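Structure, as structure tokens:
Protein chains in written order, with this note's numbering: chain B, 743 to 998; chain D, 29 to 302; chain H, 3 to 262.
Next comes the structure, spelled out in structure tokens:
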């Protein structure tokens, strides 16, 4: 369970990215967060594993505060939270299996892992994660030799190897073509169901959200403007999330 | 839930492909080889006994370190004068190097002399010149023309010709051929191409490289005096020989300060240039 | 529409002329202070070539040279290896994307800047009386110098690395060391090896002359020859040094181009 209590984030340049977010996400839910760029989606997701630190408020995972955690405590919390990225963030020159094994680093013997030696169970888990995302045969291939969709799957496998209870996905399909995007979203949804992982996904477009989400959270200008089921996300909700900004701040018709 | 799944399936780890196994073994072999060679070399060297080393450290290191906290300010004027001479030596040496390297570099640039084969002798000459360590050149000049800053300047100058010449040639070879073509298309001859396309493109990088060489030359100039070629090297080596560590510290402080300042200014200028 | 501005063009001209003027003035002052005139250039060059033409190498000296030559190479090798090992932690502490915290980074950078301001031969000169004459001060001097040079070169590369994989690893809860090993090292591996070879080149060149201050190797032989005015021996030594440096340079360039 993820709880946001009055979370505020202000960036060093003064920009208010999140203005007092309150949200509660029960275990196992597949939540999609939608909104324009700059609405606060990426910031929100990163407060869950404290990659972005709020200036006010608290984010709690299963009752434990992530915001206040530091050092070893924070790393332990993070090892239970998997994250996938729009640009995949794989180490291009390393093999696929090594990338997936990196998911085990939060959680195992210090010296041995520095030398690249993993426990047999870790290696087995890594291979199994690759199998679950459908590309077990690519284990020893260099990461940059894979297609975009395959690379994202490696990213998912890496997150899976952490045996996470929470999965964060920051625009996981923005760099992929439509059929591949749907295929990756399907995999994410399936894995979330199979393992009961609480999943937060950022997406640009509401149509994909409607198709996969258990619950949709719409953001605009650092605030939550919609929170409900896909059925409730009608077209005027659409306008609330995407439209208002265009009318007021981005209307250029009257520009000199 | 995930746990059950993991132990349910047999711990199936597919075997490493041969290529991967070979590269891992190779990496280990190389690392162990390098470290092993190092340990062997250490053994084979004619090293002093541990007690000698400790005694040397006790007697001298403490005085040297103390000298940094409380240096011999009396030596400061001498240090500053000598460092100034060192600075000027580096200026002249670098300038000579740059000016002479300029024409030579064109002879070593493949795209100006018509191909890599024609550039080969030019490049080789430049590389040959810069192979000589500066100190060695300084010794030769001291032997040939007598001690003094001139020997140091000549040593730096000649070495810099090689260093700068090679890099200048590389820079020339890396310029954009587009503007050359444009000028030729507009009716210009080889000289026009040279002055209106090649030179403007390479000058900023030439200047930046020259400044970089100046930084290095300044450091070299501080030690050329060791062999009698002028600069702060001579006073420095004298004080070291007499174990006047507090004066050595003073000299070092002056040297380090000047070099840090010069480096900082030079970096600033170089960033503006390129 | 109008005439292009005349002012900026003139300002640019003035700046160029100003810089040139300052530079020439500097050159003039420098010449006066060091008693250097451009006539010296010509006579110096003459003396230089004259010296070479008079050189008469006595090849029997070769038998004396092998042992110091080996020692020279050992000094360079050990200096490079130990310098690299010591540089490793410093590199990552001095780079903003892999450091533990800001104060540590500034301390690391300051230490490196200070160490880099002293030329290798000076370290050797100072260490020779302290650590007793022989190869030891040479090795230590080159270790310190390698550490500083390599750290500077490498930290620039580390800071330019793709930050994505670092963020990903941080998100899995990996500590700083593991993050470095798994996301930074693979990206910089080839470049680092190239830098290490480059530093080895520099070290070989330096170690041939370190003996001048008593730090072992060929330089020590050079001192002996100088003291006895054995010009024929010096001639052989010069040729040997030249050949060694050339060979190592060529080998290094070859390996580096193959790597990249």
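Positions of the beta carbon are idealized from the N, C-alpha and C atoms, including for glycine.
All figures in this text were calculated on a predicted structure; none of them were measured in a lab.
Quick one: what does DSSP say residue i is sitting in, helix, strand or coil?
| i | result |
| --- | --- |
| residue 134/H | coil |
| residue 747/B | strand |
| residue 800/B | strand |
| residue 134/D | helix |
| residue 179/D | helix |
| residue 285/D | helix |
| residue 122/H | helix |
| residue 17/H | helix |
| residue 968/B | strand |
| residue 810/B | coil |
| residue 759/B | strand |
| residue 766/B | strand |
| residue 827/B | strand |
| residue 169/D | helix |
| residue 785/B | helix |
| residue 46/D | helix |
Could you compute how far the alpha carbon of residue i sits from the alpha carbon of residue j?
| i | j | result |
| --- | --- | --- |
| residue 250/D | residue 210/D | 47 Å |
| residue 185/H | residue 20/H | 49 Å |
| residue 224/D | residue 208/D | 8 Å |
| residue 906/B | residue 896/B | 15 Å |
| residue 234/H | residue 145/H | 33 Å |
| residue 777/B | residue 825/B | 19 Å |
| residue 941/B | residue 99/H | 29 Å |
| residue 139/H | residue 108/H | 29 Å |
| residue 845/B | residue 256/H | 38 Å |
| residue 767/B | residue 977/B | 24 Å |
| residue 156/D | residue 252/H | 11 Å |
| residue 175/H | residue 819/B | 7 Å |
Are any of the Cβ atoms in chain H nearer than 7 Å to that of residue i?
| i | result |
| --- | --- |
| residue 237/D | no |
| residue 251/D | yes |
| residue 894/B | no |
| residue 131/D | no |
| residue 833/B | yes |
| residue 874/B | no |
Would residue i and residue j be called neighbours here (beta carbons separated by less than 7 Å)?
| i | j | result |
| --- | --- | --- |
| residue 834/B | residue 901/B | no |
| residue 265/D | residue 254/D | yes |
| residue 120/D | residue 153/H | no |
| residue 129/D | residue 196/D | yes |
| residue 100/D | residue 243/D | no |
| residue 140/D | residue 134/D | yes |
| residue 773/B | residue 792/B | no |
| residue 752/B | residue 763/B | no |
| residue 97/H | residue 160/H | yes |
| residue 96/D | residue 277/D | yes |
| residue 967/B | residue 982/B | yes |
| residue 231/H | residue 168/D | no |
| residue 148/H | residue 85/H | yes |
| residue 259/D | residue 114/D | yes |
| residue 279/D | residue 107/D | yes |
Taking CB distances under 7 Å as the criterion, tell me whether residue i reaches chain D.
| i | result |
| --- | --- |
| residue 865/B | yes |
| residue 20/H | no |
| residue 763/B | no |
| residue 869/B | yes |
| residue 772/B | no |
| residue 136/H | yes |
| residue 121/H | yes |
So, does the CB of residue i fall closer than 7 Å to a CB anywhere in chain B?
| i | result |
| --- | --- |
| residue 242/H | no |
| residue 159/H | no |
| residue 102/H | no |
| residue 41/D | yes |
| residue 36/D | Note that residue 36/D scores a pLDDT of 38, beneath 50, so its modelled location is shaky; the value from the coordinates is reported in the next line. No, its Cβ sits nowhere closer than 7 Å to a Cβ of chain B. |
| residue 292/D | no |
Output, in chain order, the set of chain A residues within a Cβ distance shorter than 8 Å of residue i.
| i | result |
| --- | --- |
| residue 112/D | Among the protein chains in the structure shown, which are B, D and H, there is no chain A. |
Please confirm whether any heavy atom of the ligand MN lies closer than 6 Å to the CB of residue i.
| i | result |
| --- | --- |
| residue 158/H | Inclusion of the ligand MN in the displayed structure is not the case, the ligand content being empty and no account of it being possible. |
(request) Examine the Cβ distances between the segment 203-215 of chain H and the segment 242-253 of chain H and report whether three or more of them are shorter than 8 Å. (result) yes
(request) Tell me, please, whether the segment 122-133 of chain H touches the segment 61-78 of chain H by the rule of three or more beta-carbon pairs shorter than 8 Å. (result) no
(message) Contact between the segment 41-53 of chain D and the segment 91-110 of chain H is defined here as three or more beta-carbon pairs at a separation below 8 Å; is this criterion met?
(response) When C-beta atoms of the segment 41-53 of chain D are compared with those of the segment 91-110 of chain H, fewer than three pairs fall below 8 Å, so the two segments do not count as touching.
(message) Check whether the segment 182-202 of chain D and the segment 228-246 of chain D touch, using three or more Cβ-Cβ pairs below 8 Å as the test.
(response) yes
(request) Spell out a yes or no on whether the segment 38-54 of chain H and the segment 164-182 of chain D are touching, meaning 3 or more CB-CB pairs, one atom from each, closer than 8 Å. (result) yes
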